[in-house]
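So the structure is just underneath, and the comments pick up after that.
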Amino acid sequence: MKHFLSSTDWSKVELDALLRTAAELKKQPVNKMMQGRSIALLFLNPSLRTRTSFELGMQQMGGIAIVLQPGKDAWGLEFNPGAVMDGEAEEHVAEVAAVLSRYCDLIALRAFPGFLDWQTDREDSVIKALARYASVPVINMETIVHPCQELAMMMTLKEKLGDVGRRKMVLTWTWHPRPLNTAVANSALLIGTKFGMDVTLLCPEPAYVLDEQFMQQASANSKASGGSLSVSHSIEDAYAGAEFVYAKSWGALSCYGAPDQEWEMRKHYRHFIVDEAKMKLTDGALFSHCLPLRRNIKATDAVMDSDYCIAIDEAENRLHVQKAVMSGLLEINS
Ligand code: CP
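This is the structure we're talking about:
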């Protein structure tokens with residue numbers, strides 16, 4: 324049984340097929356493909372786009388989506404095998420996965436990392452536990468990667484640029500007042516390299532380079548796809564000649580769980596905001612961000628309101644790609 328936990332588990336051929344289905348579903352959004360089918364959406368963290376697009380997407384295909392927020396409107400969850408459950412959690416994922424698998428055809432989970440110990444969080448063990456105990460396909464709605472966002476980004480780029488091979492993509496770290504999840508940055512790196520782009524990771528200093536498992540996978544992707552991967556700490560060099568600028572803020576992994584310590588580095592890098600002056604260094608680049616985005620913190624009003632900003636298109640495409648993922652996992656083609 325196939326899950327959608329990370330794009331690394333899917334070949335480029337399979338991802339291209341999902342993108343083709345998404346393009347078809349964009350042309351014909353309302354259909355009966357998922358009539359009688361259902362998905363349980365488990366949110367351990369807030370969402371606007373992911374929740375709306377999954378719920379609406381399932382409804383547009385004739386199915387039902389049930390949103391559960393463990394710890395709020397559903398029992399709190401324990402994910403560790405062998406745990407002595409004398410804390411807050413009332414249910415183990417073993418039972419939750421088994422029960423939801425009897426009710427629903429698909430289960431999706433958003434579970435941000437704990438932000439205490441990266442050596443633990445980098446294992447992505449929460450969603451892996453859900454997939455292990457479930458007897459239906461599981462979809463990642465963001466853990467330490469965000470594969471649905473990856474697909475939406477790539478769908479949008481293909482719509483705008485056609486073939487993305489050897490196009491220069493800059494994944495730039497941006498300023499934000501506190502350290503955030505690396506998931507979208509990891510994912511942007513993975514999908515850009517998988518599709519043969521010349522990807523430059525721009526970050527203020529080596530402490531902000533992403534986890535080696537993603538750097539190594541991205542490097543392997545580049546070798547397989549004919550693209551390239553480089554790291555830069557120079558804003559001018561990275562933006563020069565770029566055709567796509569993708570922005571995200573994330574925390575330095577060496578200070579994971581220590582935000583005050585991380586702040587001592589971070590406070591120097593307000594100038595990493597995406598602004599018009601930086602975009603003028605590019606080769607007429609498109610700009611995007613996964614959203615939500617703090618205006619005039621991560622990117623200026625002028626960038627967000629520009630013709631080259633495709634963040635809203637990318638957000639729309641979340642709907643179409645997730646419909647392709649849901650129907651694809653159930654092998655429903657029409
Ligand atoms: N990009 C994204 O996943 O948005 P939400 O957090 O609003 O779902």
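Residues in the sequence shown are numbered consecutively from 324, following the numbering used here. Glycine included, C-beta positions come from ideal geometry on N, C-alpha and C. A quick note: this is a predicted structure, and the numbers were derived from the prediction, not measured.
Check: May I ask whether a heavy atom of ligand 1 can be found less than 7 Å away from the beta carbon of arginine 374?; Outcome: yes
Check: Take the Cβ of serine 572 as the centre, count every other Cβ of all protein chains shown within 10 Å, and call the residue buried at 16 or more, exposed below.; Outcome: buried
Check: Would the C-beta of leucine 614 count as close to ligand 1, meaning under 7 Å from any of its heavy atoms?; Outcome: yes
Check: Between phenylalanine 610 and methionine 602, is the Cβ-Cβ spacing less than 8 Å?; Outcome: yes
Check: Can you check the segment 561-603 for any beta strand (DSSP E) of at least 3 residues that lies completely inside it and give the ranges in chain order?; Outcome: 567-571
Check: From the DSSP output, in three-state form, read off proline 393 for me.; Outcome: strand
Check: So what does serine 274 bridge to, in DSSP terms?; Outcome: Since the first residue of the chain shown is 324 and the last is 657, residue 274 is not available in this structure.
Check: Classify lysine 517 as buried or exposed, calling it buried when 16 or more other Cβ atoms lie within 10 Å of its own Cβ.; Outcome: buried
Check: Would you report the Cα separation of phenylalanine 402 and proline 527, rounded to the nearest angstrom?; Outcome: 35 Å
Check: May I ask you to check if the CB of glutamine 472 is nearer than 7 Å to at least one heavy atom of ligand 1?; Outcome: yes
Check: Relative to ligand 1, is the shortest distance from any of its heavy atoms to the C-beta of histidine 469 smaller than 7 Å?; Outcome: yes
Check: Go ahead and pull the three-state DSSP assignment for alanine 543.; Outcome: helix
Check: Considering only residues of the same chain and omitting the five flanking positions on each side of arginine 618, which have a CB-CB separation below 8 Å?; Outcome: Asp624, Met627
Check: What residue does the beta strand (DSSP E) around isoleucine 620 start on, and which one ends it?; Outcome: Segment: none, isoleucine 620 is in no beta strand (DSSP E) and carries neither H nor E.
Check: Relative to the C-alpha of threonine 605, which candidate in Asp521, Lys491, Ala570, Ile514 has its C-alpha closest?; Outcome: Lys491
Check: When you compare only the Cα positions, how much space is there between aspartate 598 and threonine 505?; Outcome: 22 Å
Check: Between the alpha carbons of asparagine 533 and leucine 616, how many angstroms are there, rounded?; Outcome: Here the sequence assigns leucine to residue 533, which means asparagine is not the residue at that position. If you take the alpha carbons of leucine 533 and leucine 616, they lie about 20 Å apart.
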